[in-house]
Amino acid sequence: MTPTKIFEEVSIFVEGNWVLADSHRDLFIGPKVSVFESGRDGRVIGVWMNEISGKETRKGESVNATEKCAYFSSSYGITKIAKAPKMKIMVAVKRVVDYAVKIRVKPDKTGVELSNVKMSMNPFCEIALEEALRIRESGLASEVVAVSMGPQHCVDTLRTGLAMGADRAIHVETTSQLYPLSVAKLLQKLVDLEKPGLLILGKQAIDDDCNQTGQMVAGLLKWPQGTFASKVGLDKEKQVAMVDREVDGGLETLCLDLPVVITTDLRLNQPRYATLPNIMKAKSKVIKKMTPEELNVEIKSDMEIVQVTEPPKRKAGVIVSSVDELVHKLKNEAHVI
Amino acid sequence: ASTLVLGEHERGSVKESSLSAVAAAQAISEENSISLLLAGTGPSLQEAASHAASSLPSISQVLLADSEDLKYPLAETWAELVHLVQQKGSYSHIIAASSSFGKNILPRAAALLDVSPITDVTEISEPQLFIRPIYAGNALCTVRYTGANPTMLTIRPTSFPVPHISSSKNLDAAPISQVDLSTFSEAILRKSRYVKHTSQDTERPDLGSAKVVVTGGRGLKSADNFKLIEKLAEKLGAAVGATRAAVDAGFVPNELQVGQTGKIVAPDLYMAFGVSGAIQHLAGMKDSKVIVAVNKDTDAPIFQVADYGLVGDLFEVLPELIEKLPEKK
Chain A
799 MTPTKIFEEV SIFVEGNWVL ADSHRDLFIG PKVSVFESGR DGRVIGVWMN EISGKETRKG
859 ESVNATEKCA YFSSSYGITK IAKAPKMKIM VAVKRVVDYA VKIRVKPDKT GVELSNVKMS
919 MNPFCEIALE EALRIRESGL ASEVVAVSMG PQHCVDTLRT GLAMGADRAI HVETTSQLYP
979 LSVAKLLQKL VDLEKPGLLI LGKQAIDDDC NQTGQMVAGL LKWPQGTFAS KVGLDKEKQV
1039 AMVDREVDGG LETLCLDLPV VITTDLRLNQ PRYATLPNIM KAKSKVIKKM TPEELNVEIK
1099 SDMEIVQVTE PPKRKAGVIV SSVDELVHKL KNEAHVI
Chain B
313 ASTLVLGEHE RGSVKESSLS AVAAAQAISE ENSISLLLAG TGPSLQEAAS HAASSLPSIS
373 QVLLADSEDL KYPLAETWAE LVHLVQQKGS YSHIIAASSS FGKNILPRAA ALLDVSPITD
433 VTEISEPQLF IRPIYAGNAL CTVRYTGANP TMLTIRPTSF PVPHISSSKN LDAAPISQVD
493 LSTFSEAILR KSRYVKHTSQ DTERPDLGSA KVVVTGGRGL KSADNFKLIE KLAEKLGAAV
553 GATRAAVDAG FVPNELQVGQ TGKIVAPDLY MAFGVSGAIQ HLAGMKDSKV IVAVNKDTDA
613 PIFQVADYGL VGDLFEVLPE LIEKLPEKK
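One line per chain: the protein sequences are A and B, in this order.
Take our numbering: the last position of the first sequence gets the number 1135, and nothing is skipped along the way.
Take our numbering: the last position of the second sequence gets the number 641, and nothing is skipped along the way.
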């Protein structure tokens, strides 16, 4: 048995059973050692144990890419390896003030009134999740994992994501103030754990309007980034994503090697509504809890919100009664034409 | 203070938005030493560099990164470049315009430098004190950066007008130096490839920097009717804008969208036709100096920000305006 390069999810025949193992990286499994994860340069970078495994660890061992399959198969009793066109998609979602709410600045200028205000999933995150679901439904991915960071209430947003169709969710719970850099670091650690082939985020959250997290996590992971995407096409054979990006002067098309970070623009898709049966079903789906400490991320606060104020109001204008009056005023009062 | 400005150039000159970033750098402090970083390859890059060096009195040097790898402004390569240049130059500030170029690149570069960026800044009060709009401009947030150097910002170009450049004066040209790219990490570079760029080329001025913007909303009803907007824009020498509703309905391409998630504009004159005035749209244009709104709905929120409102049918008003407004030379 000499399989070609194996990416992403692989099905492996072990002791008469097909075992599913998934990663965007090469994977090997054998009755003695469980799953080997190896980087593209052939270096074994991690080992997972399973029930049928011994306790052997081979972290850091270097293996020739073409020889490794044969090597592992003879050493560890792998009998068959099959390539399956599957991968995992991770989607980050944020809980924000609903887009239709007219926000009020608190009188003490410490922020925006958030109590008794309707909260929803950030609209760009809905688009990100919708895109992930469509990719899964097209057969190009096997699982969609929704993740969110912040206080206990983020669970509501994750439930919404599960009701839309995400398979499971991870909540990194913290009451600390989270800035995009910290969120990016948490996401980086979750990616290390979950090993998705795609990480999709909204391009910005409609509360702080930062537009940073996707770019930052892509930088930390050293993955290519396709930001402000209005079209995403996956080519499984070539292991690339073709992304149309909305840029100032039109559209830009990039070809990016998987794994990749994508941030969504408005026109990528129309998110679905969660149906009642799916809302019911979502209640039994798993939301895993984690903490920044478990992920070994220190939450830095290198910014201080000095104050939040109302923007200056425009002074009331006038209603003119005719085009002639408008032209006259623009010419002689406003002096703009 | 010493500031690195990430510059975008096109056809041999530095883009207007990047000149705003230079203007913002000047706002940090009087004795700011400003370095303008330009990247790309070929004669167009050289031309942009020598033009910037000789026409921008506020900059102390131009840094030139000339490489085939930097031919297109990809975030992956640019972020590595910024990282490299910062390691050598130890700047106190790094600034880019919050154009699609700066928004794409600067946060990634910040992550490589383990720094929290502050994006879409509209006012620089002190070297570490900034104002930026949040909630689609419905609140203004004053932020103090307390982290390590460099302070990394993207600035909103409309908030930092470009001073007039006296082209006649032959001032001492700023030195141009090449960035040493020999240690440029190439690992990431091949993973991201530019394929193409598509745009609707027009003779009209750029939406982001036009003095006059004429915008159409859902009220235009069709792509065909939108030609009325274009006709008026042509007469006024104006750029054409659109609301999200008009873009979603397919009247015009997305690049014309004005709003929270589209372009932010602040022209001398903004004329809105058939625009209701959703807060997301207002976020993109309410800093315009004079706003004119034409809508048949008296209660349309756009009238609350308009200096001159006209309640009426835009299909009657537009042709009349086209006829009666003076031609822009």
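Backbone N, C-alpha and C define an ideal beta-carbon position, used for all residues, glycine too.
Among A:984, A:1097, A:934, A:1058, the one whose alpha carbon lies nearest that of residue 459 of chain B: Minimum Cα distance to residue 459 of chain B is reached at A:1097.
Distance cutoff 7 Å, beta carbons only. Does residue 1102 of chain A sit that close to anything in chain B? With 7 Å as the cut-off, residue 1102 of chain A counts as an interface residue toward chain B.
What ranges does the beta strand (DSSP E) occupy inside the stretch 916 to 1003 of chain A, keeping only unbroken runs of at least 3 residues that lie completely in it? Runs of the beta strand (DSSP E) inside the stretch 916 to 1003 of chain A: 917 to 919, 941 to 948, 966 to 971, 996 to 1000.
Let's see if you can read the secondary structure: which residues bound the beta strand (DSSP E) around residue 1028 of chain A? Taken as a continuous stretch (DSSP letters only), the beta strand (DSSP E) holding residue 1028 of chain A covers 1023 to 1033.
Might you give, ordered along the chain, the residues of its own chain that have their beta carbon closer than 8 Å to the beta carbon of residue 616 of chain B, omitting 5 neighbours on each side? Cβ within range, chain order: 589.
First through last residue of the alpha helix (DSSP H) which encompasses residue 901 of chain A: Per DSSP, residue 901 of chain A is not a residue of any alpha helix (DSSP H), being assigned neither H nor E.
Integer-rounded CB distance, given that residue 350 of chain B should sit under 8 Å from residue 395 of chain B: About 17 Å; that fails the 8 Å criterion.
Taking the alpha-carbon positions, what's the residue 448 of chain B to residue 597 of chain B distance? The straight-line gap from Cα to Cα measures roughly 11 Å.
Along chain A, in chain order, which residues have C-beta atoms closer than 7 Å to that of residue 510 of chain B? Against chain A, the beta carbon of residue 510 of chain B has neighbours under 7 Å at 1048, 1049, listed in chain order.
If you drop the 5 nearest sequence neighbours on each side, which residues of the same chain put their C-beta closer than 7 Å to that of residue 1070 of chain A? Correct list, in chain order: 928, 962.
Please list the residues of the stretch 559 to 581 of chain B that have a C-beta atom closer than 8 Å to any C-beta atom in chain A, keeping them in chain order. So the close ones are 559, 560, 565, 566, 567, 572, 573, 575, 580, 581.
Does the Cβ of residue 361 of chain B have 16 or more other Cβ atoms within 10 Å, making it buried, or fewer, making it exposed? Burial is judged here by how many other beta carbons sit within 10 angstroms of a residue's own beta carbon; residue 361 of chain B has at least 16 and is buried.
So, is the C-beta of residue 505 of chain B closer than 7 Å to a C-beta in chain A? Yes, residue 505 of chain B counts as interfacial toward chain A.
Could you have a look at residue 1068 of chain A and say whether DSSP puts it in helix, strand or coil? In the structure shown, residue 1068 of chain A falls within a coil segment according to DSSP collapsed to helix, strand and coil.
Decide if residue 457 of chain B is buried, meaning its Cβ has at least 16 other Cβ atoms within 10 Å, or exposed. The residue is buried, with at least 16 neighbouring Cβ atoms inside 10 Å.
On the CB-based measure, 16 or more other CB atoms within 10 Å of its CB, does residue 1009 of chain A come out buried or exposed? In summary, residue 1009 of chain A is buried, with 16 or more beta-carbon neighbours lying within 10 Å of its beta-carbon over all protein chains present.
In its own chain, which residues sit with a C-beta less than 8 Å from the C-beta of residue 387 of chain B, not counting the 5 before and 5 after it? Contacts found: 416, 417, 420, 504.
Please report the distance separating the alpha-carbon of residue 519 of chain B from that of residue 577 of chain B. When only Cα atoms are considered, residue 519 of chain B and residue 577 of chain B end up about 7 Å apart.
Just checking my contact of residue 1004 of chain A with residue 921 of chain A at CB under 8 Å: how many whole Å lie between their CB atoms? Right, their Cβ atoms sit about 6 Å apart.
Proximity below 7 Å, CB of residue 522 of chain B to CB of residue 407 of chain B: No; because the gap between Cβ atoms is not below 7 Å, this pair is not in contact.
Between the C-alpha atoms of residue 863 of chain A and residue 440 of chain B, what's the straight-line distance to the nearest angstrom? Summary for residue 863 of chain A: the model assigns pLDDT 30, below 50, so the residue's position carries little reliability; its value from the coordinates is reported in the next sentence. So the alpha carbons of these two residues sit roughly 50 Å apart.
In chain order, what residues of the same chain lie with their CB nearer than 8 Å to the CB of residue 289 of chain B, ignoring the 5 residues before and after it? Since the first residue shown for chain B is 313 and the last is 641, residue 289 of chain B is missing from the structure and cannot be characterised.
Three-way DSSP call (helix, strand, coil) for residue 469 of chain B in this model: Helix, per DSSP.
With 7 Å as the threshold, decide whether the Cβ of residue 323 of chain B is near any Cβ in chain A. Chain A, which has no Cβ nearer than 7 Å to the Cβ of residue 323 of chain B, makes this no.
Range covered by the beta strand (DSSP E) that runs through residue 1105 of chain A: For residue 1105 of chain A, the uninterrupted beta strand (DSSP E) segment begins and ends at 1101 to 1107.
Is it a yes or a no for the stretch 423 to 433 of chain B touching the stretch 1054 to 1073 of chain A, going by three-plus beta-carbon pairs under 8 Å? Counting C-beta pairs closer than 8 Å gives fewer than three between the stretch 423 to 433 of chain B and the stretch 1054 to 1073 of chain A, which falls short of the contact rule.
Exposure of residue 473 of chain B, with buried meaning 16 or more beta-carbon neighbours within 10 Å: Residue 473 of chain B should be labelled exposed.
Around the C-beta of residue 1114 of chain A, are 16 or more other C-beta atoms found within 10 angstroms, so that it is buried, or is it exposed? With fewer than 16 other Cβ atoms from the protein chains shown falling within 10 Å of its own Cβ, residue 1114 of chain A counts as exposed.
Residue 998 of chain A: contacting residues in chain B (beta-carbon distance under 7 Å): The premise fails here: residue 998 of chain A is roughly 16 Å from chain B at the closest Cβ pair, so nothing lies under 7 Å.
Between which residues of its own chain and residue 643 of chain B is the CB-CB distance below 6 Å, once the five residues before and five after are set aside? Any question about residue 643 of chain B goes unanswered here, given that chain B covers just 313 to 641.
Do you know offhand how far residue 973 of chain A's Cα is from residue 1090 of chain A's? So the two alpha carbons sit approximately 10 Å from each other.
Alpha helix (DSSP H) segment containing residue 1043 of chain A, residue limits: Annotation: residue 1043 of chain A is outside any alpha helix (DSSP H); the continuous beta strand (DSSP E) that includes it extends over 1038 to 1045.
Runs of beta strand (DSSP E) lying entirely within the stretch 485 to 512 of chain B, each at least 3 residues, in chain order: Qualifying beta strand (DSSP E) stretches, in chain order: 488 to 490, 504 to 510.
Hey, out of A:964, A:948, A:919, whose CA is closest to residue 898 of chain A's CA? Residue A:919 is the option with its Cα nearest to residue 898 of chain A.
Using beta-carbon positions only, say whether residue 530 of chain B and residue 551 of chain B come within less than 7 Å of one another. It is not a contact, given that the beta carbons lie outside the stated cut-off.
Please give me, in chain order, every unbroken run of the beta strand (DSSP E) with length at least 3 that falls completely inside the stretch 554 to 636 of chain B. Listed in chain order, the complete beta strand (DSSP E) runs (minimum 3 residues) inside the stretch 554 to 636 of chain B are 581 to 585, 602 to 607, 620 to 623.
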